[in-house]
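Just so we're aligned, residue 17 is where the sequence shown starts under the numbering used here, counting upward by one. For every residue, glycine included, the Cβ atom is placed at its ideal position computed from N, Cα and C. Right, one structure below, let's go through it.
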Amino acid sequence: MRQRFSASGRSTIVDIAKGNGSTRRLYIPTPTYRVELAAAKPALLKVFDRHGGDCVDHAFAGGKNCVTNALCHVGKPLVLSLDMEDFFGHIRPRLVQTHLTSSFIALLFEDDAPRQGLLTSPLVSNLAMSPIDRRVTDLCRSLGDVTYSRYADDLTFSFVDPELAEVVQGGVSAILRSVGLTLNSKKTQLQNARNGIIHITGVALTNDGVRPTRRTLRRIRAAAHQKNERQLKGLKEWALCKLPGG
17 MRQRFSASGR
27 STIVDIAKGN
37 GSTRRLYIPT
47 PTYRVELAAA
57 KPALLKVFDR
67 HGGDCVDHAF
77 AGGKNCVTNA
87 LCHVGKPLVL
97 SLDMEDFFGH
107 IRPRLVQTHL
117 TSSFIALLFE
127 DDAPRQGLLT
137 SPLVSNLAMS
147 PIDRRVTDLC
157 RSLGDVTYSR
167 YADDLTFSFV
177 DPELAEVVQG
187 GVSAILRSVG
197 LTLNSKKTQL
207 QNARNGIIHI
217 TGVALTNDGV
227 RPTRRTLRRI
237 RAAAHQKNER
247 QLKGLKEWAL
257 CKLPGG
């Protein structure tokens, strides 16, 4: 298969098959580009601390993980899960140009986006999402007792009134569309605690706390059978459902 490169030539483009039949596109930086991104990260962190430090994301933030994300919603009977379409690929320079110089954006963006696979992309995506998260948080406050958390491209909302599900989804969709982002309607899910355990970003949520999902346990067995030690280690750590530093 012919090797593909980004327009700048700084990254190799690789499409990884996913279990649902789709693919995940990764940009693998050259050794030189990887060094440049690593050198730029401290300055990017300073910008993020000034302008995105109140980010609600639990995926790329220190002291947070999938467990802290799920625990935000303990005790709420209804949980609405929304997913953003091609998260990294749809973040455009205009979403961060207020805080980053054009030369910095040119370094951190490949093919007009902070591509998955580049070590700075999680920070760039959170910087871009910070004002969007604030708008979503304001929406939730205006609706009453609605809790919001984000795990990268997974948006989770919990509440009591079932009529809020459609209102929240419509409001969030409008906010995202206004900045060029969209929801993946195929992944929208409304869960009711009365129907059993609620799943949030790979974690099973009960009234008593969190535990690994059956799917995670199945993946652990599969990784062990395939002798995939790297995946097995990661899945076992995930299955512990521990708080950061725990």
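First through last residue of the beta strand (DSSP E) which encompasses residue i
{"i": "R110", "result": "From DSSP, R110 is part of no beta strand (DSSP E); its letter is neither H nor E."}
{"i": "I216", "result": "214-216"}
{"i": "L206", "result": "205-208"}
Cβ-Cβ distance between residue i and residue j below 7 Å
{"i": "L96", "j": "L192", "result": "no"}
{"i": "D169", "j": "T217", "result": "no"}
{"i": "L221", "j": "L98", "result": "no"}
{"i": "G187", "j": "L155", "result": "yes"}
{"i": "E101", "j": "Y43", "result": "no"}
{"i": "T163", "j": "H89", "result": "yes"}
{"i": "V140", "j": "L124", "result": "yes"}
{"i": "P130", "j": "I107", "result": "yes"}
{"i": "L116", "j": "N208", "result": "no"}
{"i": "L53", "j": "L135", "result": "yes"}
{"i": "V226", "j": "A55", "result": "no"}
{"i": "V183", "j": "F173", "result": "no"}
{"i": "R40", "j": "K34", "result": "yes"}
{"i": "L146", "j": "G68", "result": "For the sequence presented, residue 146 should be read as Ser rather than Leu. In this structure, G68 lies closer than 7 Å to S146 by Cβ."}
{"i": "H215", "j": "T229", "result": "yes"}
Residue i - partner residues in DSSP beta bridges
{"i": "T172", "result": "S97, S165"}
{"i": "D191", "result": "Looking at the sequence provided, one finds Ile at residue 191 rather than Asp. For I191, which the question treats as bridged, DSSP gives no partner whatsoever."}
{"i": "F103", "result": "F103 is not bridged to any residue."}
{"i": "D31", "result": "R41"}
{"i": "A23", "result": "Paired residues: none, contrary to the question."}
{"i": "A129", "result": "E126"}
{"i": "D65", "result": "Beta-bridge pairing links D65 to no other residue."}
{"i": "L199", "result": "M100"}
{"i": "D73", "result": "R166"}
Start-to-end residues for the alpha helix (DSSP H) that takes in residue i
{"i": "D149", "result": "137-159"}
{"i": "T232", "result": "230-241"}
{"i": "G45", "result": "Note that residue 45 corresponds to Pro in the displayed sequence, not to Gly. Careful: P45 lies outside any alpha helix (DSSP H), inside the beta strand (DSSP E) at 39-45."}
{"i": "A122", "result": "118-124"}
{"i": "N85", "result": "82-87"}
CB-CB length for residue i against residue j, believed under 8 Å
{"i": "L111", "j": "V195", "result": "6 Å"}
{"i": "V83", "j": "R166", "result": "With 8 Å as the limit, V83 and R166 do not qualify as a contact, their Cβ atoms being about 15 Å apart."}
{"i": "R26", "j": "T46", "result": "6 Å"}
{"i": "I121", "j": "P109", "result": "5 Å"}
Distance cut-off 6 Å: residue i Cβ against heavy atoms of the ligand MN
{"i": "Q113", "result": "Annotation note on the ligand MN: not contained in the displayed structure, which lists no ligands."}
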